[in-house]
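What follows is a set of notes on a single structure, which appears directly below.
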Amino acid sequence: MESIQVSIQGGRSQAFPKGISAKAAIEKLKGAVPPEVFAVKANGVEKDLLAPLETDAALQPLAFDSPEGKEIYRHSSTHIMAQAVKECFPTAQLTIGPAIEEGFFYDFSFDRPFTPEDLESIEKRAKAIIASNLTVTRLEMSKSEAIEYFRQRGEHYKVELLEGIPDDQVSLYQQGEFVDLCRGPHVPSTGHIKAFKILTSAGAYWRGDERNPMLQRLYGTSFPSEEALQAHLDNLEEIKRRDHRKLGKDLDLFSIQDETGPGLILWHPKGAQIRLLIENFWREQHLANQYELVYSPHVARLDLWKTSGHVDFYKENMFTPMPVESSEYQLKPMNCPFHIMVYKSHLRSYRDLPIRYGELGTVYRYERSGVLHGLMRVRGFTQDDAHLFCRPDQLAEEVQKVLKFTTFMLGTFGFTEFKMFLSTRPEKAVGTLEQWDQATLALEAALKDGGYPYQEDPGEGVFYGPKIDVKIQDALGRSWQCSTIQIDFNNPQRFGLTYVGEDGKTHQPIMIHRALLGSIERFFGILLEHYGGAFPAWLAPVQVLVLPISEKHQAYGQQVEKKLRGEGCRVALDLRNEKIGLKIREGEKAKVPFMIVVGDREAEAEMVSVRQRNGKNLGTMSIIDVVTLIRDDMPEAVRKGSFLFE
RNA sequence: GCUGGCGUAGCUCAAUCGGUAGAGCAGCGGUUUUGUAAACCGCAGGUCGGAGGUUCGAUUCCUCUCGCCAGCUCCA
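The letter at position 462 of the first sequence is residue 444 when you use our numbering, and the numbering goes up by one with no holes.
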């Protein structure tokens, strides 16, 4: 019999008869398969434990702790859910059911939405399937056999899927009576799923296309232990608690009201104070880094948007134009044309470049009603926008500076984990291939020179040029896209932008669109959730709350308040006739970083007692000590006022 | 935009199987003069999201509409 060489994770290899299962090989090599292992990678390819090995193989056992293992685990879980649904509701048809980031879903074609009671019975059934520890077996058959098989079972979506598969041979997985078309691999038996939960149901379109029938999607998740599942559920609760819409209301930061219109934000005084601090810091930094700040109007002639191409390429996101006298005006969806017009306002020399125009520019975009979401997705928002006009030889350096600026800005706000994405030429694109190559290379060079790890997103660029997107990770590990750096060779051409070169001839500048925070609204929402409303002192709308113990101490409290205010602190004074316990409770709920209690002892010594947010008593100190306390809490760049990072 | 759920006082939530609604907190008035997460008493507060319909009578049932939530799709 032919033999093959098999090893585990770089260990010594041993000869086995060809066709031995991965499981048997591991048992021979290591004595037993560890209980947490449910699949393997053989020469980098994921396989079932029982898969026969046909060639020499380096095995890597897979458990839940690896990304591949997690996916297999969740994928097997969704099969169990599908089996439970078929058993509870035999008329439901199977469609697709993949693993996702935190769990899995399965879409069913069913004549009505699943109710919460349905979910309960499905979950119960799924748990019974797990308890009975059904063996999961792989079946292979020809495509035509499989089509016939599913047609007989009335699984029309599976038939449609099969018809789209190019291979002649397909695999199916069976557990008990349940069979599903699936590439695999899977756990060897249903009992490997230790903790299983169905979370929600929702509608979803077949193949994600809104013209297709609506399916019923069930979301669920699974973990190797009840504790891990509970931790995940706790995390979901925490996310709910930190929801910026809830915190925004609780802390009285902003509101969105029916009468005003959906997707339009009203910034209340405290929210506005935080926004002002963000904006002030932003402006300071931009001036320090040789940006020039401009302002532009909120509407412009429709013709401007025709020139820019927005009428052709962006119409579905624009508000309807309004007639004004004999022409039409358009509420602005972008800031770029205005900055371009500033550039165009006079002749430019190669010596003037790069030119960097920055603006906190408010734009209005028509978003379909179903996509609006608190501050994260709105119809009117302020971009921290800038447009850089540069020569081709300056492109890479400018991009790199922007990248540095980005990580510096986001870092100051407390975000230190970044993921960068390089998006390349989409199918629908303007510009020559040379231009795309040159620009993409410049972006790549900037990423590499800066030592930023990145992923490529092929075909995800904007129609006018490639881009780099930066995603940040918040305190709960979720990622958010804020920054974007886009190269544009379309607009300089459309608007006929030029500069006079060293050679005396006219040349076309390259334009970079960039936003560091993305939109102030979204960034504010992310910050709010990141800190759970407990902003660091430099951003807190009220930094210190002065709490006199009784009426007797009001005068001293007022003195303390005045002095702190004089030192530039944002301070509030609670003169209400209430007990100190209540005032502290309310200060805590408002998440004020420092509270000062003043009574007889403090008034006499001309000192203050300081209590930090969340109860830590910092003891008695002088008023100036409090000022230092707040100042020490600020990031270096904020304390310095301006910060040149070059 | 689509599917499903929801909309009751400033906030969080009850109740009415069709007979015009109630609590806590917040607010206001008073008592209390207070030492690190809720003192006590009282008062006031609602066209039950909006429009139309059915009915003797609608917050409740029906239709439409606006908005919110989850998801799909899209995105700063």
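Don't be surprised by glycine CBs; every beta carbon is placed ideally from N, CA and C.
- Bounds of the alpha helix (DSSP H) holding HIS226 are 226 to 232.
- In this structure the stretch 308 to 322 lies against the stretch 473 to 483, because at least three pairs of beta carbons, one per stretch, are closer than 8 Å.
- Under the rule that a run must span 4 or more residues, the alpha helix (DSSP H) segments found entirely inside the stretch 7 to 83 read 49 to 70.
- According to the DSSP assignment, VAL152 belongs to no alpha helix (DSSP H) but to the beta strand (DSSP E) extending over 151 to 157.
- Segment contact: the stretch 307 to 317 against the stretch 336 to 345, three or more CB-CB distances shorter than 8 Å; contact assigned.
- Contact annotation, LEU498 with THR422: C-beta distance approximately 21 Å; criterion of less than 8 Å not satisfied.
- The way I'd put it, the stretch 289 to 302 doesn't touch the stretch 235 to 245; fewer than three beta-carbon pairs between them come closer than 8 Å.
- For GLY447, the beta-bridge partners assigned by DSSP are VAL444.
- Contact between LYS29 and ALA66 is ruled out by a C-beta separation of about 26 Å, above the 8 Å threshold.
- For the 8 Å CB-CB criterion, GLY500 and GLN455 do not form a contact.
- According to the DSSP assignment, ARG338 belongs to the beta strand (DSSP E) that extends over 337 to 346.
- The alpha-carbon separation between GLN156 and VAL118 amounts to approximately 6 Å.
- A distance below 6 Å between beta-carbons, with the five flanking residues on each side excluded, links ALA184 to the following residues of its chain, in chain order: ARG199.
- Under the DSSP assignment, THR480 falls outside any alpha helix (DSSP H); it carries neither an H nor an E label.
- When DSSP states are grouped into helix, strand and coil, ILE566 belongs to the helix group.
- The criterion of a C-beta distance shorter than 8 Å is not satisfied by LEU385 and GLY447.
- In the displayed model, ALA516 falls within coil according to three-state DSSP, outside both helix and strand.
- When GLU570, PHE301, ALA428 are compared, the shortest CA-CA separation from LEU377 is found for ALA428.
- Under the three-state reduction of DSSP, THR406 is assigned to coil, being neither helix nor strand.
- In this structure, the beta-carbon distance from GLU511 to ARG224 falls below 8 Å.
- Runs of beta strand (DSSP E) with 3 or more residues, each lying fully within the stretch 540 to 603, are found at 553 to 555, 576 to 580, 590 to 594, 599 to 603, listed in chain order.
- Pairing GLY514 with GLY507, the inter-Cα distance amounts to about 10 Å.
- The alpha-carbon of ARG265 is positioned some 10 Å away from that of ASP366.
- Of the residues PHE445, GLU426, TYR434, MET391, the one whose Cα lies closest to the Cα of LYS410 is PHE445.
- Where VAL528 is concerned, the enclosing beta strand (DSSP E) starts and stops at 526 to 530.
- Shown here for TYR538: same chain residues with a beta carbon closer than 8 Å to its own, the five before and five after excluded, namely PRO530, VAL580, GLU584, ALA585 in chain order.
- Cβ-Cβ separation between PHE403 and GLN437: approximately 5 Å, consistent with a contact (criterion under 8 Å).
- Setting aside the 5 residues that flank it on each side, ARG552 is surrounded in the same chain by GLN255, ALA522, PRO523, VAL524, GLN525, VAL526, each with a C-beta closer than 8 Å to its C-beta; the list follows chain order.
- With distances taken between CA atoms, MET123 lies nearest to GLN151 out of GLN151, LYS534, LEU44.
- When Cβ pairs closer than 8 Å are counted between the two stretches, the stretch 591 to 608 is seen not to touch the stretch 556 to 564, the count staying below three.
- Of the residues ILE129, ARG227, THR60, the one whose Cα lies closest to the Cα of LEU181 is THR60.
- In this structure, ILE(-10) lies away from LYS0, with their beta-carbon atoms at least 8 Å apart.
- At a Cβ-Cβ threshold of 8 Å, GLY85 and ARG107 do not count as neighbours.
- Note that the stretch 154 to 169 touches the stretch 15 to 25; at least 3 beta-carbon pairs, one per stretch, sit closer than 8 Å.
- At the C-beta level, ILE8 and ILE62 stay beyond 8 Å of one another.
- If you look at GLN255, you'll find it in the alpha helix (DSSP H) that goes 251 to 270.
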